[in-house]
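Residue 217 is where the first sequence starts when you use our numbering, and the numbers rise one by one after that. From the three backbone atoms N, C-alpha and C, an ideal C-beta is built for every residue, glycine too. Note that the coordinates shown come from a computational prediction; the quantities given were computed from them, not determined experimentally. Reviewing the structure listed below.
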Amino acid sequence: MNTSPPQSEAELLDRAAQITGKTLQYVANLVNMDLPVNKPVNKGLTGELLEAYLGASAGNLPEPDFQHIGVELKTIPVNHLGVPRESTYVCIVSMLPENNKCWEQSLVKRKLSRVLWLPVEADPDIPLSIRRIGNAILWSPDAEQEQILRQDWEELMDLIIMGHLEQITATYGKYLQIRPKAQDGKSLQAGIGADGGQIQTLPRGFYLRTELTGKIISQWR
DNA sequence: CTCTGATCATTT
DNA sequence: AAATGATCAGAG
Numbered sequence: 217m218n219t220s221p222p223q224s225e226a227e228l229l230d231r232a233a234q235i236t237g238k239t240l241q242y243v244a245n246l247v248n249m250d251l252p253v254n255k256p257v258n259k260g261l262t263g264e265l266l267e268a269y270l271g272a273s274a275g276n277l278p279e280p281d282f283q284h285i286g287v288e289l290k291t292i293p294v295n296h297l298g299v300p301r302e303s304t305y306v307c308i309v310s311m312l313p314e315n316n317k318c319w320e321q322s323l324v325k326r327k328l329s330r331v332l333w334l335p336v337e338a339d340p341d342i343p344l345s346i347r348r349i350g351n352a353i354l355w356s357p358d359a360e361q362e363q364i365l366r367q368d369w370e371e372l373m374d375l376i377i378m379g380h381l382e383q384i385t386a387t388y389g390k391y392l393q394i395r396p397k398a399q400d401g402k403s404l405q406a407g408i409g410a411d412g413g414q415i416q417t418l419p420r421g422f423y424l425r426t427e428l429t430g431k432i433i434s435q436w437r
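Given below as structure tokens:
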């Protein structure tokens with residue numbers, strides 16, 4: 217069962233407020249979903265559950281989750297201190313020039329211009345069903361944050377456009393980094409090679425470092 | 001412990 | 001196949 221898309225930020229925030237402090241099992245009951253028991257890995261399940269409850273509508277389209285109101289949902293796994301445990305995936309990296317002319321039109325900027333952050337307990341020893349949901353934060357980057365994101369994006373995209381994508385590692389970027397994003401090591405995606413011609417290479421994704429996401433969600437602690 | 005590089009699950 | 005949702009596991 218899926219909730220209908222929220223028609224305003226206020227409606228979205230209201231829905232989020234109703235599950236603050238509740239468990240994932242509580243939300244699963246609301247949307248009539250079954251949580252797996254004794255499954256060794258549950259990657260992505262928390263995000264999909266909360267999307268269903270909040271009424272995200274973008275599916276796997278490269279767009280913000282709440283299309284009507286241009287808001288992206290990010291659940292963020294936190295430890296017992298409320299500190300992020302992992303980096304946050306943003307979107308796939310297009311490694312050909314046409315979609316990467318400028319920051320203003322980039323998918324990274326579109327997705328990050330308005331984000332509902334939803335912290336969720338995620339220490340591995342806590343069973344999925346009793347993990348609790350934290351306080352939702354509706355966020356837009358402030359001027360300094362956006363400038364750093366833009367700088368990171370431009371630096372990384374320059375390397376890609378100039379044919380240096382094979383030299384990119386996750387150490388580039390203060391807030392935004394590029395890491396592999398693939399089904400396995402054999403996946404391929406088009407990019408620009410060192411000689412300027414097209415090559416096939418491992419698909420990459422943009423991720424946000426915890427340095428940024430930790431600052432964002434610490435607002436309420 | 002933290003971080004990078006690799007991988008898993010699901011949907012369209 | 002290609003996006004989404006992410007976490008896993010080994011290196012340092």
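Excluding residues up to 5 positions away in sequence, Ser273 and Ala274 lie with their Cβ nearer than 6 Å to the Cβ of Gln283 in the same chain. One alpha carbon belongs to Gly237, the other to Gly379, and they sit about 48 Å apart. By the C-beta criterion, the stretch 331 to 341 is judged to be in contact with the stretch 277 to 293, since at least 3 inter-stretch pairs fall below 8 Å. Ala386 has its alpha-carbon roughly 11 Å from the corresponding atom of Leu424. Within the stretch 266 to 324, no alpha helix (DSSP H) run of at least 4 residues lies entirely inside it.
Taking a contact as a CB-CB distance under 8 Å, the pair Ala226 and Ala352 does not count as one, their CB atoms being some 12 Å apart. The beta carbon of Ser403 sits closer than 7 Å to the beta carbons of Leu418 and Pro419 from its chain, once the five residues preceding and following it are set aside; these are given in chain order. The beta carbons of Leu392 and Ile384 sit no closer together than 7 Å. In this structure, Glu360 sits away from Arg348, with a CB-CB distance that is not shorter than 7 Å. If you ignore the 5 residues before and after Gly421, its C-beta comes within less than 8 Å of the C-beta of Tyr305, Val306, Cys307, Ile308, Val309, Ile394, Arg395, Pro396 and Lys397, all in its own chain and listed in chain order. If you check the CB distance, Asp339 and Asn276 do not come in under 7 Å.
Between Ala406 and Gln399 the beta-carbon gap is near 16 Å, outside 8 Å, which marks them as no contact.
Ile377: member of the alpha helix (DSSP H) spanning Ala359 to Ile377, first to last residue. CA-CA distance, Glu362 to Lys327, rounds to 12 Å.
Taken through DSSP and simplified to helix, strand or coil, Ala398 comes out as coil. Tyr391 has no beta-bridge partner at all, per DSSP.
Nearest Cα to Gly263 within the set Gln241, Met249 and Lys290: Lys290. Between Gly350 and the set Pro300, Pro357 and Glu427, the nearest pair of CA atoms involves Pro300. In the structure shown, Gly263 adopts helical secondary structure according to DSSP, grouped into three states.
Minimum Cα-Cα distance from Glu320 among the listed residues Asn258, Thr219, Leu365 and Gly298 corresponds to Leu365.
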